[in-house]
Structure formats: structure tokens, C-alpha cells
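Colleague:
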Amino acid sequence: MDVVNPPTKACHNCRKQRLRCDRSYPQCNKCVNSGRVCLGYGKLLRWTGAVATRGKYAGRTSSAPLAGDASPSKSGAASRSASRSAARSAVRSASASASASASASVSASASESVAAAASSTGSVTGSLSETSENLSVITPAKLESRSSVTPSASPQTVNVGALRYDGTQEDGETQLVVQSHPRASSEFSPASPWVLVDPLYQDMQYGHRHYLSYFATRVCKDLVSHDLPDRNPFRGLIPLTRAHPLLQHIIVAASASHMSNLVRAPLTSRNGEVGENLRAIIHQASRRALNDALLAKATALGLMRGAVENMKTTGADVILAAALFFINVELIESGKHGWKAHLEGAGRIMSLLQPTVGAETTLRDYMLSDCFIYFIMASAFMPAVSLDSQSYFKPAQIISILRRAAANNYLCCPPEILIILYSASQLSNASSDASTVDEIRDAGLQLLQEAQSFDIDAWANDARNMEYMPGVPIQSRVHAGSAHRLAACLYILQAIPPLAEIPNHDEAVRLLSDNIIEHLSCISDDDPNFKATTWPTFIAGAEARDPPRRDWVMNRLKRLVVSCPWGFLYTAMDTLQSLWDLDSKVMGTKSWVQLLKDPDLNFLIV
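Start counting the sequence shown at 19; every next residue gets the next number (the working numbering).
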């Protein structure tokens, strides 16, 4: 199966019900939305001796003989009639015994649990022991090792404040499992999934399958502008995780870290509304996911060393994907310090690749594009350039790759504006003296003119030419692109020192800041491009002088954390607060861009 293109056949559920499958991988979104467990696209494995839910075998395994049928006879109707009579007699006696008993047998309890689960989830398939097993709902933190288990007869839905934990959801938050009863000792047999999964992941740890599912259903949405089932290239990495443990562990680390932030996001947006009990639950769940992330990250670091030493065996594309997600993990955690080494490593790997054309390179284009975007955004607040993009690709190739991924890139920023931003960052680091100040000023004014003259409307409407992206909100795309263009203009005026002496500098800065806020206000929280407004929001916040505007910026960043729980947003809020706390005497004649180039900060805002 191709790692990028969708499967050629419908999933087993849609095929059985004769539905039109969206063929998303690793599970069909139609199954997920309808509350069913997708059985995947590979060979369908069935449990032997499954429990029947109706008919004469209800509550029993389909392969078990009826009472009195242990020695089937073919001698005639008399034998069959005697067998049926014996069966009816056995059923009546069992029913009478159950009604007279004070508590139901374990087998009856299991049957009731199956019925309860079936009524709540819609369809249930699986195998259940008739003598010593019960159903329980477990959370991801209990999957690998645990010391106690609380059995439950059926999946539970718990509403805690604004949070909702649903045991019947298929998004991987909780899952129905078969759990053995506790023995006399404190040891328990490990839980195993009650439902079958795609055979591709059958031998994988449940914790890893859980986080890979979370990656496919939640994290991938943050990596593109519009998440389409068969057009998100990052889902093409999931089939590679089976053959490449390096990729598996780093994606698990990114997903677990993302989940940790997502769980504690309400503490940022509604801190005063969260009670102490709920706060403790949130912190505990967040810590468990964070522990999983750190463990997977440490394992991936060890595997990365071996992969780099055997690059021909592992493949440069796999190593590039791992390097990109090492950067993503750092951004999800905090966006401080650690990303730089991984970005340099990704740059060295990129130098070994040659850009190609064709539909099969979609995933590579998006990975290369993300690496270039990180490099350009990092250069905006770096005191000196640590990476030389010229050693990776020629400038024409850089803009070509950015354009190929621009239609659905998460940043929603024109590639031309990114190139202008990078050029401005280089000018801001150039040493200006009496002989070069005029040259630097003219170059800065040229960049400013190029940014102001760029046609945002034409760029936004180019998305209409993408047949696989119907219904793209063009107006929202215009506002997001305009906010980035204006933020780049504001950055140019504040980053290049000689431009501070041009006429009406302060007035132009105030006007640009007002226009950025105006465009950002037109992008609502539920807009798919809302997550793309972090950088212009940060630039507007750095320029904010009055308390109301600062409050507006901080409130928007808090809402962004809820929508896109990446840790660099917390770093952005802390950085802005530190900048606002500086006294005007401390700032002196330096602009806020020059102050943020402090090597001790070393942060990345994307």
C-alpha cells in the first residue's frame, strides 16, 4: 500500500454495509464518526468461539455445543427431538437457578456487560471468556504497567466541568477491554483490547497504538491548514512506523506531549473557573501523558544515533521525518533551546536530498517546507545565523518548495512574504557603520515596498485551483495572509536599525499594528486558519503599548492554546510579559526586536 495515497478498497465495515468509505488511514473517519471501530483494510481476522448476542446461542460461544448435544446423532428425528428437549430443559433449569440465586454468575454478568456495551456503542465484536472475565474501562496511563484496576460493567461517561471523558468514543481516550478478575494476590493479568485492530498494528504496544491513533485524529490537524481525510500527507507517516521504530517513538512522543498540553489547556483559559478537585485530576492526567512523551523521546534519541550512522539502510526521508518531529516535540513542549540542534541536524539531512517533482513527493515537500519555515522564523529573533540555507538548496529551489506546499500549509503565509522576512532578518544582523548605513536603509526600504505591494487577494484565490480543497474560506485566507504581510512590514521597520530614522516611522508602526489587530479580529476561533495567527499576534503584542491591547493579545494567545495546544504559545506569553515589564530606561534606544535577539532567550515562535 502506498504510504501517501489512500487505500484502494473500502474498510471492512463500509464494505459489509455497502457504504462509501473515505479510505482514510489508519481508520475510516466514517466509522469513527458513527461510533464504530474501524476494522481496517488488511486481512480481516475473526475471533474463534465468539460470544453470540442473539439466537439460540445468545450468551454462549458459537462453537460450544448446546446442553445435551455433546454426542450428536444422525439416527433420526427422535434423537434430534430428544436433544432439543434436553437443551430446552437445561435452559429452563439454568434460568430458574439464576432467578433464585442472590447474585448472577460471572458468565451472566459478562453477557449483561456485552449487551450494555452494544447498546452504547452501536456494534460490538470480540471474544469474552464465560467464566472469569469482566469488562472495564482503562485510560492510556494504565496501559503499560499498573498496580490496581477498577472493574466496570460498561463504559462510563464522566462530565467534569467543561471537560468530557467518554469511554465509548473511538478517539482513543478510553477503550473497552476484557479484564480478568483480581486474584488473591495483588497481581493482574495485562488487559488486551476487546476489539480487533488493523493487523498492521496488532503486535504494537497498546500505548503506542493509542498515541498513533491520537496522532492521526488530532495532531495531524495542526500540521496543515485544512485537514482532509485523504489529503493530509502527514498521515502517510503512520504506515512507516511499523517498520521504523525511530519514527514510531518520535511520533508517539509528539502525540503524548500534545495530549499532555491539551488536557491542561483549560487551566490557562479558565483558571479561576476550575475547582481544586478537577485541577488535581487535570494535573495527574497531564503528567502521565508527559511521562509517556519523555520516555518515547529518550528512546527515539537513542534510535536516531543508530539511524544516522546507517543512513543508507534507514533512508534519508525517514531520518528527515524524525528530525522534523524532534523539532515539533520541542515546539510542543516549550519552543525553547532544544529545537536549534534538531533544526541544524535537519538541515544537514536536507543537504543530502535532491528536490524532485511528482505527486509521490507530496510528503517530502511538506516536510521540507516545514523545515524551511522553522529556519526562517528562527532567524527572525536569532542574533546570528547558525544555519546556511545556501548549503541546502538554491534560493529558487527554496521558494519552489514553499510554493508547492503553500496551498495547505498550516502557516497560511505567502512564500514570498517568508523570503522577505528572511532577508530582513539578515539585514537586522548586518553591522551598520557610516559607510554602509545608507545601503542597509535602501535595502530595507526595498523589502518594505515589496511586502506592501504583494497581492494577497490573488494569492488567496489560488487555493480555488486546488480541486481537492473545495469550500476553502477565501476571505479567512485573505485575513490570515494580510496579517502575516503587515506583521512582516512591522518587523522590517523595527528590526533594521537605519529604518528608525525615516520620516513618520512611529506613525507607520502604529498604523501597521492597528491593521494587524483588525485583520486578526476577523478570524474567529472556529476558523481553520485561527491556528495560523500566532506569529502576527505575537508581533502585534510586542508592539502593544496600552493595557487594553495587551489584554486583547494575551487573551487571544490563551484561546490559541486551547485550539492548538503547543508549548511555544506559553513561551510566547511569557516572553511578551517579560518584554512589557521592561522599563523604558532599560530598553533605551533598542527596539523590541533587538531585545528579543538576546542569546539567552533562543526561542522559536511559529
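Each residue gets a CB set at the ideal place from its N, CA and C atoms; glycine is no exception.
1. Round the Cβ separation of residue 513 and residue 562 to the nearest angstrom and send it over; I've been treating them as touching at under 8 Å.
2. Based on DSSP bridge pairs, tell me the residues matched to residue 455.
3. Just reading off the alpha helix (DSSP H) that residue 566 is part of, what are its end residues?
4. May I ask you to report which of helix, strand or coil DSSP gives residue 214?
5. Can you list, in chain order, the residues of its chain whose CB lies under 6 Å from that of residue 229, leaving out five sequence neighbours each side?
6. Taking the alpha carbon of residue 546 as the reference point, which residue from 388, 263, 497 and 585 has its own alpha carbon closest?
7. Output yes or no for whether 8 Å exceeds the beta carbon distance between residue 503 and residue 435.
8. Is DSSP giving residue 472 helix, strand or coil here?
9. Mind checking residue 293: buried by the 16 CB within 10 Å criterion, or exposed?
10. Counting along the chain, where does the alpha helix (DSSP H) carrying residue 232 start and finish?
11. How big is the Cα-Cα spacing for residue 296 and residue 585?
12. Which partner residues does residue 621 have in the DSSP bridge list?
13. Where does the unbroken alpha helix (DSSP H) through residue 484 begin, and where does it stop?
14. Please list, in chain order, all residues of the same chain as residue 560 whose beta carbon is under 7 Å from its beta carbon, the five residues on each side excluded.
15. Could you check how far apart the C-beta atoms of residue 558 and residue 534 are, in whole angstroms? I think they sit under 8 Å.
16. Between the alpha carbons of residue 555 and residue 30, how many angstroms are there, rounded?
17. Which residues in the same chain as residue 276 place their Cβ atom closer than 6 Å to its Cβ, once the five residues preceding and following it in sequence are excluded?
18. Within 10 angstroms of its Cβ, does residue 427 collect 16 or more other Cβ (buried), or is it exposed?
19. Put residue 55 into one of helix, strand or coil per three-state DSSP.
20. Quick check: the region 387-398 against the region 358-368, are there 3 or more CB pairs under 8 Å?
21. Does DSSP put residue 427 in a helix, a strand or coil?
22. Nearest CA to the CA of residue 366: which residue from 326, 311 and 388?
23. Which ranges would you report for the alpha helix (DSSP H) in the region 235-307 if only whole runs of at least 4 residues count?
24. Skipping 5 residues on each side, what residues in its chain have a beta carbon closer than 7 Å to that of residue 343?
25. Provide the residue span of the alpha helix (DSSP H) that contains residue 41, from first to last.
26. Measuring alpha carbon to alpha carbon, tell me which residue in 580, 225 and 254 is nearest residue 25.
27. Taking the alpha-carbon positions, what's the residue 437 to residue 417 distance?
28. Is the region 572-579 touching the region 331-345, taking contact as three or more C-beta pairs under 8 Å?
29. For residue 589, which of 567, 613, 607 and 623 has the nearest alpha-carbon?
30. Distance check for residue 307 and residue 37, CA to CA, integer angstroms please.
31. Determine the direct distance from the alpha carbon of residue 520 to that of residue 323, and round the result to whole angstroms.
32. Leaving out the 5 sequence neighbours to the left and right, which residues in its chain are closer than 6 Å to residue 530 when beta-carbon positions are compared?
33. Rounded to whole angstroms, what is the Cα-Cα separation between residue 384 and residue 484?
34. Thinking C-alpha only, which one of 581, 569, 62 and 298 is nearest residue 591?
35. Please classify residue 44: is it buried, with 16 or more other beta-carbons within 10 angstroms of its beta-carbon, or exposed?
Modeller: The relevant details are as follows:
1. Not quite, the Cβ-Cβ distance comes to about 17 Å (not below 8 Å), so this is no contact.
2. DSSP lists no partner for residue 455.
3. Note, residue 566: alpha helix (DSSP H), 565-581.
4. Low local confidence applies: a pLDDT of 43 at residue 214 is under 50, so the model's placement there is unreliable, and no value is given.
5. Counting only Cβ-Cβ distances below 6 Å, and skipping sequence neighbours, we find 270, 273 and 274.
6. 497
7. yes
8. coil
9. Under this definition residue 293 is an exposed residue.
10. 224-232
11. 22 Å
12. 354
13. Neither: residue 484 is in no alpha helix (DSSP H) and is coded neither H nor E.
14. 594, 597 and 610
15. The beta-carbon distance between residue 558 and residue 534, rounded to whole angstroms, is 5 Å. This is short enough to meet the 8 Å contact definition.
16. 46 Å
17. 237 and 350
18. Around the C-beta of residue 427, 16 or more other C-beta atoms lie within 10 Å, and the residue is accordingly described as buried.
19. Correct three-state label for residue 55: coil.
20. yes
21. strand
22. 326
23. 263-287
24. 268, 269 and 272
25. Counting along the chain, residue 41 falls outside any alpha helix (DSSP H), and DSSP gives it neither H nor E.
26. 254
27. Going from the Cα of residue 437 to the Cα of residue 417 covers about 8 Å.
28. no
29. 623
30. 36 Å
31. 51 Å
32. Around residue 530: 504, 507 and 508.
33. 16 Å
34. 569
35. buried
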